[in-house]
Structures are given as C-alpha cells and as structure tokens.
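From first to last, the protein sequence lines are chains P and A. First residue of the first sequence? That's 1 in the numbering used here, and the numbers climb one at a time after it. First residue of the second sequence? That's 1001 in the numbering used here, and the numbers climb one at a time after it.
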Amino acid sequence: MSTARIQEANGHAAEETNFLGSFLKKVTISTSNGKLTLPQIIIIGVISVFILLTPQMLSNYRLNLVISILTTAYFAQCWNLMSGYTGQFSFGHAAFYGIGAYTSSILFVDFGINPWIGLICGMMVSGIVAALIGYLSFHYNLKGDYFALATMAFCEIFRVIFKNTKALHAASGVSIPFSKKFALMQFGSKAGFLYVAFIMLTMITFGLYKIRRTKMGLYFVAVRENEDAARALGINAFKYKMIALIASAMLSAVGGTFYAQYYLYIDPTICFGNTVSISAITPCIIGGVGTVFGPIIGAAIIKPISEITNSALSNFVGMNMVVYGLILVIVIMVMPKGVIGLVQELRVKMGKKKKTEG
Amino acid sequence: MATLLKAVNITKRFAGLTAVDSVNLEIKEGEIVGLIGPNGAGKTTFFNSITGFYPATFGSVEFDGHNITKKTTFQNCKAGMARTFQIVQPFGQLTSLENVMVGAFNRVESYAEAEKVAREMIKFVGLEEKMNAIVADLTIGDQRKLEMARALATKPKLLLLDEVMAGLTPTEIEECVELVLKIRKSGVTILMIEHIMAALMKLSDRVIVLDHGKLIAEGKPQEITQNERVIESYLGRAYKKEA
Chain P
1 MSTARIQEAN
11 GHAAEETNFL
21 GSFLKKVTIS
31 TSNGKLTLPQ
41 IIIIGVISVF
51 ILLTPQMLSN
61 YRLNLVISIL
71 TTAYFAQCWN
81 LMSGYTGQFS
91 FGHAAFYGIG
101 AYTSSILFVD
111 FGINPWIGLI
121 CGMMVSGIVA
131 ALIGYLSFHY
141 NLKGDYFALA
151 TMAFCEIFRV
161 IFKNTKALHA
171 ASGVSIPFSK
181 KFALMQFGSK
191 AGFLYVAFIM
201 LTMITFGLYK
211 IRRTKMGLYF
221 VAVRENEDAA
231 RALGINAFKY
241 KMIALIASAM
251 LSAVGGTFYA
261 QYYLYIDPTI
271 CFGNTVSISA
281 ITPCIIGGVG
291 TVFGPIIGAA
301 IIKPISEITN
311 SALSNFVGMN
321 MVVYGLILVI
331 VIMVMPKGVI
341 GLVQELRVKM
351 GKKKKTEG
Chain A
1001 MATLLKAVNI
1011 TKRFAGLTAV
1021 DSVNLEIKEG
1031 EIVGLIGPNG
1041 AGKTTFFNSI
1051 TGFYPATFGS
1061 VEFDGHNITK
1071 KTTFQNCKAG
1081 MARTFQIVQP
1091 FGQLTSLENV
1101 MVGAFNRVES
1111 YAEAEKVARE
1121 MIKFVGLEEK
1131 MNAIVADLTI
1141 GDQRKLEMAR
1151 ALATKPKLLL
1161 LDEVMAGLTP
1171 TEIEECVELV
1181 LKIRKSGVTI
1191 LMIEHIMAAL
1201 MKLSDRVIVL
1211 DHGKLIAEGK
1221 PQEITQNERV
1231 IESYLGRAYK
1241 KEA
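This is the structure we're talking about:
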C-alpha cells in the first residue's frame, strides 16, 4: 500500500460517523506536559493576587461575576478531566453537579446534617452514580456520540425524578436557611465565598497540571488519543475511563454543593438542566479542551459576555441566547482549538517567520 | 528451544464469514516467523484473535506456558505480547517520547524511569532526533519505527508486526530489516505479517501461508517459494520464473 493511501485510510478512520467524537478530536489540543515557564508563573501570580484583592475593589454585583467565573471555571475543569484529558465526551455533567447540590441540601434541610458532612455524602453519591453510568456505558463500549447521548439521558432522568418526587421537594426546589456560620459552610460575606471558590479552582487546576506528568495522566491522554493502541500497550482502558469519570463526578458534586450554599436555593432545572451541562463545556471549548488553563480562560471570556448580553438585551426575551450562541459559533469557527490553540498556532507562525528572516 | 506461543485450531467467524479457519501455529523462543497470504486471507484477523482484540470463536492460545484464550489485549501485553498495527495507530497529539513512554509504563511506575526506558527505545530504533516532535507530523516510515519502539518499550517476549514495511521506501525497508534483526538479537521473538517478499526471505526462519482463512503451507522461506499452492494463490507464476 502506498503512503498516500495509508494516510488516506488513517484520516478516514479518524473521521468515523461520529459527530461529537470527531468534534472532540478537532477541538482537543495536545495537553502539554511541559513545566511552567517563569513568565507564565508571574502572570498566574499577578492574576491570583488581583482576584484575591477584588473584594476590596469591586461592588457586590461585580464580585458576583468574579465568583461565577471562578465556579464555572472549576466546573469546567471537572469536565476537562474526563472529556478533555480522557476524551469521553460527557453531555450530562449536570447530573453529578445536581446530585452534589441536592444531597447536601436535603440532608441539611430535612435531616439537619451539617453541610460539610453533606458535601462528603454528595461526593460519595455522585461517585456511585458515576460508577453506575460508567459501568453501563463503558462495559458495553459506548463511545463518542453514543456515550454523550447516554450521559445526557441519565441527566434528564435525574431532572424528571427530582421534579416529580415529593420527598425530594419536587418542582418547588430546596431553600437553605441563611446563616453566616463557617460551620454551616456559609462563608459570611461574598468575599468569603470568593476565597473558597478561588481555593477550589486552584486545587483542581494544580491537580490537573500535576497529573499530566504521572503514569495515570499519560494513560488518560493515551486513551483519548487512541484507545485501541492504548489497549495494545497494556492499558486497561475501562479502568482508566472509570477513574476519570468517577473523579470528575465527585469533584463536580463539590461544585454543586458550593452553588447551593452560595445561592441558598436549588431546583431541578437549576441543577439538572441542559444549560448546566453546557456551562461546563463551553469554557473548555473556548479556552482549549484538554489544556490546563484553557477552561479558566474560557470561563473568564464567556461569563462576562453572557452577563453583558443578558443585561443589554433584557427587553427581548430569548435574544440574549441568540447573541450568545452567535458569538459561540463565531469563536469556534475562528479558533476551533480555543484561545490556547490560537496562541500556539501564532507562536509557530512567528517562529517560522523569524527563521526565514534570520 | 521452548515453545513460546501455541495456537490450536484458531477459528474466527464474523456472522457467515469464516475469516480464520482452524489454524494451528507454534512459535519457539527466538524465532522470526513470517505470515503471508493474499489480501483478505485472514492474517490480521489471526493476529487480532491471538492478541485478544477480538477473541477467537473456537480454539485456544497458549503463551509462555499459560492459557490466554480468554485474556484481553492489555492483559496479554502485561504477559509479554506486544503488537504494531497495519494502519499506524499513534497517539497523534503527543510527542514521540511520550508515545513510547505510554508503552514503557507497562513495566515501570515512575515517570522518570519510564522516560529513561522510552529514550533508550527511541535511540534503539534510531529516532533520537525526533524525540520531541509531535507524532502526527512524522512521516509514515518514522511513525512505523516509533510504533515498534512503543511496542518494545512494553518489554515483550513476543512482538507481532503487522506489515511494518508497507508504504516504506527501499532505503527505509533496508533500515527496517536491520531493525528487526536487532530486535531479535535483543531476545525478542517475532511473528510478522509482510508482503515484501525480499525482506521476508532475508528475515524469517519459517514462513506460514494463509489463504481464505486456511493455513495452506508452512516451512523454510525457500521451500515456500517453491510450493505449488502458494504460487497459485499468492506469489503468482511470475515469481516462480524469477526464483
């Protein structure tokens, strides 16, 4: 077989008849295993200090936006672990988020159990649900579109169950009594929540950065890049997909509990709605799927945009979604590999220019 | 020499089609065995059945003294069976080094150690200059070499090569032949599917021929080229005149 034909066959194999799978392949960029350079560390440091100082500088309304950027980025990082690193496109991450929020809230409101314990319980329940979904999907080898649809379906099932079960407060949702006690996982002021959100985001980002240089991290990426090859090289793909899914679900549950404690109200749509799942995906796609900092950059871009369209177009119902969607389409067309992908491309081009000039 | 692989009565059916039909094969330690046959003869399917990619419908496989018939691919790799693919299957977005490291992690736990093994293996196949290149950007020849390095990094006892020379230039083929000999010297037994007869004649101790899923001949390379049935179904009359 000639080289050209083999390459053709390769390209064909990669395309498949799998929309989301091939979409994910297109938007994912190589997860760099490089160490951070000094300028990068300085930039991160400056941004971190700025975020930690925002309570002194910004109004409560603006502070809200910063917190929502941080929490969105956190949730996006959870998605990034399983879909960006490990390549299993989840369209139903709200399921894990919602379970986290509901577990801690119901345990607190109905049973008087401390939210901190509720948080752990939420993680456990979410992990168990993820294990169940993962086993059913991966055992029967659901991939790409089919896996994405399965996660979406499970999420929708949860929404319907929570909406129609009286014991789970049905459609009226759960209101959490306001207190200001740290012991009840309410951090006094908005500033308190901001610091906690910042710590959560820092921890998960640091984890994603570190794991890339371990056996497990490389195995995740190998499964994403080529599952057959990974199997042939001694990787138990099922096991690593399960680990990524369960870890991602447990971390998502933490995000859910945080949301509930911050806004003090949850209902089935807020927790299990499609928009919630999508809110984890868009920051990754805009920033760079599979990268360490992409989801944070994406969240920092998308949240203000949606905020602006919301307030500017509040007179036209649904118009904000149209504009938001348009912006998203344009972004994906202009830079399919996200901000980080675009920067990498520009760097390569600049490097080439320098070479030809010099 | 001890038997490393013993495949008995391997049969693989896809719905109505019998792709591999009761094939028996024994490979001794240190051998290079060539597997030839026309397109669609079931060579790759036979590979896939042995390695556990899709288990055989009937038959049993014994590897290194253990029955591995029901084992999965990754378990077989742990047991010491590595393979390459007919169509290269790289981890395209990763560097050469990382590609090979994935293989190395089959035997080692620490990142630093895996990196060391991977560097050795990349040097072994002669790709040290492309250590940090993204694999999707490499030529097919280099990707094939890399795939061999990756398979070798798992420290196999048996290496199954599926048409590693397809699509290579004559120079690359020569390099590849040298490489295969070097691999054998390092103590790895090899079973290879190959269409490049010249290379196969040079390399293999023994050749087996599949046609329509059946084993039609087995023997030394020279014997095979004289075998009437093999000429009829695979090599063609022209080959006989040349030989």
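Glycine residues also receive a C-beta, built at the ideal position from the N, C-alpha and C atoms. In this text, all values refer to a predicted model and were calculated from it rather than measured experimentally.
Against chain P, does residue i count as a neighbour if the rule is that its beta carbon must be under 8 angstroms from one of theirs?
| i | result |
| --- | --- |
| L1094 (chain A) | yes |
| E1120 (chain A) | no |
| E1194 (chain A) | no |
| C1077 (chain A) | yes |
| V1102 (chain A) | yes |
| Q1089 (chain A) | yes |
| A1243 (chain A) | Reliability fails at A1243 (chain A), whose pLDDT of 47 lies under 50, so the model's placement of it is uncertain and the value that follows must be treated cautiously. Judged by the 8 angstroms Cβ criterion, A1243 (chain A) is not in contact with chain P. |
| R1229 (chain A) | no |
| Y1234 (chain A) | no |
| R1184 (chain A) | no |
| E1218 (chain A) | no |
| R1150 (chain A) | yes |
| T1069 (chain A) | no |
In its own chain, which residues sit with a C-beta less than 6 angstroms from the C-beta of residue i, not counting the 5 before and 5 after it?
| i | result |
| --- | --- |
| S83 (chain P) | F89 and S90 |
| S1022 (chain A) | N1009 and T1011 |
| E1172 (chain A) | G1141 |
| R159 (chain P) | P268 and F272 |
| F108 (chain P) | P115 and G118 |
| V1230 (chain A) | V1209, A1217 and I1224 |
| M123 (chain P) | M250 and A253 |
| V196 (chain P) | F187 |
Mind checking which residues open and close the alpha helix (DSSP H) that includes residue i?
| i | result |
| --- | --- |
| I1173 (chain A) | P1170 to K1185 |
| F1014 (chain A) | Per DSSP, F1014 (chain A) belongs to no alpha helix (DSSP H); it is in the beta strand (DSSP E), T1003 to F1014. |
| N1024 (chain A) | It is not in any alpha helix (DSSP H) - N1024 (chain A) instead sits in the beta strand (DSSP E) that spans L1017 to K1028. |
| L1200 (chain A) | M1197 to L1203 |
| K180 (chain P) | Taken as a continuous stretch (DSSP letters only), K180 (chain P) belongs to no alpha helix (DSSP H), as it is neither H nor E. |
| V196 (chain P) | K190 to I211 |
| D958 (chain A) | What the structure shows of chain A is the stretch from 1001 to 1243, and residue 958 (chain A) is not part of that stretch, so it cannot be assessed. |
| I157 (chain P) | G144 to N164 |
| L24 (chain P) | F19 to V27 |
What residue does the beta strand (DSSP E) around residue i start on, and which one ends it?
| i | result |
| --- | --- |
| F238 (chain P) | Segment A237 to Y263 is the alpha helix (DSSP H) holding F238 (chain P); no beta strand (DSSP E) there. |
| F1063 (chain A) | F1058 to F1063 |
| A222 (chain P) | Counting along the chain, A222 (chain P) falls outside any beta strand (DSSP E), though it belongs to the alpha helix (DSSP H) covering K215 to E225. |
| T1189 (chain A) | T1189 to I1193 |
| K1214 (chain A) | K1214 to G1219 |
| I278 (chain P) | Not the beta strand (DSSP E): I278 (chain P) falls in the alpha helix (DSSP H), residues N274 to G287. |
| I41 (chain P) | Looking at the DSSP string, I41 (chain P) is not in any beta strand (DSSP E); the run it does join, the alpha helix (DSSP H), is L38 to M57. |
| I1032 (chain A) | I1032 to I1036 |
| V1207 (chain A) | R1206 to D1211 |
Compare the C-beta of residue i with all C-beta atoms of chain C and state if any pair is closer than 8 angstroms.
| i | result |
| --- | --- |
| N236 (chain P) | In the structure shown, chain C cannot be found, because the protein chains are P and A. |
Is there a C-beta anywhere in chain A that falls below 8 angstroms from the one on residue i?
| i | result |
| --- | --- |
| N141 (chain P) | no |
| D228 (chain P) | yes |
| R213 (chain P) | yes |
| L218 (chain P) | yes |
| I176 (chain P) | no |
| V221 (chain P) | yes |
| E8 (chain P) | In this prediction, E8 (chain P) has a pLDDT of 39, which is less than 50 and means its spatial position is unreliable; nothing more can be read from the coordinates. |
| I347 (chain P) | Note on identity: in this sequence residue 347 (chain P) is Arg, with Ile being the wrong assignment. No, R347 (chain P) does not count as interfacial toward chain A. |
| I120 (chain P) | no |
| A244 (chain P) | no |
| E15 (chain P) | Any reading at E15 (chain P) must be qualified, since the residue scores a pLDDT of 42, below 50, and its modelled position is unreliable; no value is offered. |
| L251 (chain P) | no |
| I340 (chain P) | no |
Within its chain, find whatever has a CB closer than 7 angstroms to the CB of residue i; leave out the 5 residues flanking it on each side and keep chain order.
| i | result |
| --- | --- |
| A1118 (chain A) | L1097, V1100, M1101, A1104 and A1153 |
| G958 (chain A) | Examination of residue 958 (chain A) is not possible in this model, given that chain A is present from 1001 through 1243 alone. |
Within the same chain, show all residues whose beta-carbon is closer than 8 angstroms to that of residue i, passing over the 5 residues directly before and after it, in chain order.
| i | result |
| --- | --- |
| N1024 (chain A) | A1007, V1008, N1009, I1010 and L1215 |
| P1038 (chain A) | D1211, S1233 and Y1234 |
| G358 (chain P) | Low per-residue confidence applies at G358 (chain P): pLDDT is 42, beneath 50, and the placement is therefore not dependable enough to give any value. |
Counting only runs that start and end within the region 72 to 114 of chain P, where is the alpha helix (DSSP H) found for 4 or more residues in a row? 94 to 111
Kindly confirm or deny that the region 1031 to 1042 of chain A and the region 1190 to 1200 of chain A touch, where touching means at least three C-beta pairs closer than 8 angstroms. yes
The region 143 to 150 of chain P / the region 20 to 29 of chain P touching (three or more Cβ pairs under 8 angstroms): yes
Within the region 1048 to 1113 of chain A, ranges of the alpha helix (DSSP H) (whole runs, at least 4 residues): 1073 to 1079 and 1096 to 1104
Okay, do the region 226 to 244 of chain P and the region 39 to 49 of chain P touch, 3+ Cβ pairs below 8 angstroms being the bar? no
Ordered list of alpha helix (DSSP H) runs contained in the region 313 to 337 of chain P, each at least 4 residues: 319 to 334
Under 8 angstroms, with one C-beta from each stretch per pair, do the region 1149 to 1163 of chain A and the region 1096 to 1107 of chain A reach the 3-pair mark? yes
On the three-pair Cβ rule with 8 angstroms, is the region 252 to 261 of chain P touching the region 148 to 157 of chain P? no
Take every Cβ of the region 301 to 313 of chain P, pair it with every Cβ of the region 278 to 286 of chain P, and state whether three or more of those distances are shorter than 8 angstroms. yes
The region 225 to 241 of chain P / the region 122 to 139 of chain P touching (three or more Cβ pairs under 8 angstroms): yes
Tell me whether the region 224 to 237 of chain P and the region 198 to 216 of chain P touch, counting them as touching only if at least three CB pairs, one residue from each stretch, are closer than 8 angstroms. no
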